[in-house]
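Quick notes on the structure that follows.
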Amino acid sequence: MIEFIYFSQKARTSGNWQDPMKAGRMDIVFNVVIASLFLSHKIRENVHLHLIFNGPPNPPMHLEFISNKDMPVSKKDIAGLIKRMLYKYKEGRKTEVFPGCFIEKKSFSKVIEELENKGKKIYILDKKGRFIRELDDKDLENVVFVLGDHEGLPKKELKKFKERVSIGKETYFASHTMVIVHNELDVRGL
Ligand SMILES: C[S@@+](CC[C@H](N)C(=O)[O-])C[C@H]1O[C@@H](n2cnc3c(N)ncnc32)[C@H](O)[C@@H]1O
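The sequence shown finishes on residue 191 if you use our numbering, and the numbering steps up by one all the way, no holes.
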């Protein structure tokens with residue numbers, strides 16, 4: 002299982018938007034969903050993706066995708082899927098909108114805290130971190146990779162996490178970063 006958390010400070014937390022570019026860069030979210038969950042012609046198995054939206058009007062929202070064969074995710078309509086999930090949010094509970102697709106109100110720090118409590122290693126994806134190819138296979142097991150949008154990650158909340166992992170010296174798009182991490186693990190057979 003490979004696990005990612007994507008954080009967006011401005012992504013909208015309601016489904017009533019038309020232009021994804023004006024909805025807190027929802028266009029980046031579409032790329033992130035495709036890059037993390039899809040291979041050519043099929044959905045990847047064993048991916049757990051968390052999206053944290055912190056934009057107006059009802060932050061924070063935690064959208065969760067646990068890949069499975071019944072997941073109704075089509076590359077052609079990620080916007081429809083995200084909107085539907087946001088519309089289906091119910092106060093005070095976690096709702097499974099489609100098989101493996103959940104929404105609830107939960108903050109970035111709470112999601113990370115819960116994963117840590119489950120024994121997961123939290124790796125912040127950061128170009129100044131340790132180069133991923135220098136890590137042993139064992140270091141890449143039971144890991145959650147955390148990455149930000151075009152504005153990066155909230156520095157204050159990340160202070161307590163020491164492990165920073167880099168995929169190289171360039172600054173990549175969030176979605177490209179996910180593909181490169183996937184490829185590293187694919188090549189290693191992890
Ligand atoms: C477009 S970048 C963010 C750029 C933003 N201006 C910043 O400085 O953080 C989106 C995310 O991809 C990840 N990322 C980009 N390049 C990376 C690299 N070389 N190594 C590791 N992670 C990277 C980071 O998590 C980053 O938050």
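Just so you know, even glycine gets a beta-carbon here, dropped at the ideal spot from N, CA and C.
Practice task
Find out if the Cβ-Cβ distance for the pair D150, R13 is shorter than 8 Å.
Solution key: no
Practice task
Run the CB neighbour count on Q10, radius 10 Å, all protein chains shown included, and call it buried at 16 or more, exposed below.
Solution key: buried
Exercise for the section: Determine the contact status of L87 and I104, defining contact as a CB-CB distance below 8 Å. Expected result: yes
Exercise for the section: Could you check how far apart the C-beta atoms of M72 and F99 are, in whole angstroms? I think they sit under 8 Å. Expected result: 7 Å
Practice task
For V183, name the three-state secondary structure that DSSP assigns.
Solution key: For clarity, residue 183 is His in the given sequence; the question names Val instead. Three-state result, H183: helix.
Handout entry: Member of L191, L141, G153, I53 whose CA lies at the smallest distance from the CA of Y173
Key = G153
Practice task
Check whether the Cβ of H51 sits closer than 7 Å to any heavy atom of ligand 1, and report yes or no.
Solution key: no
Problem - 8 Å Cβ cutoff met for K77 and I35 - result: no
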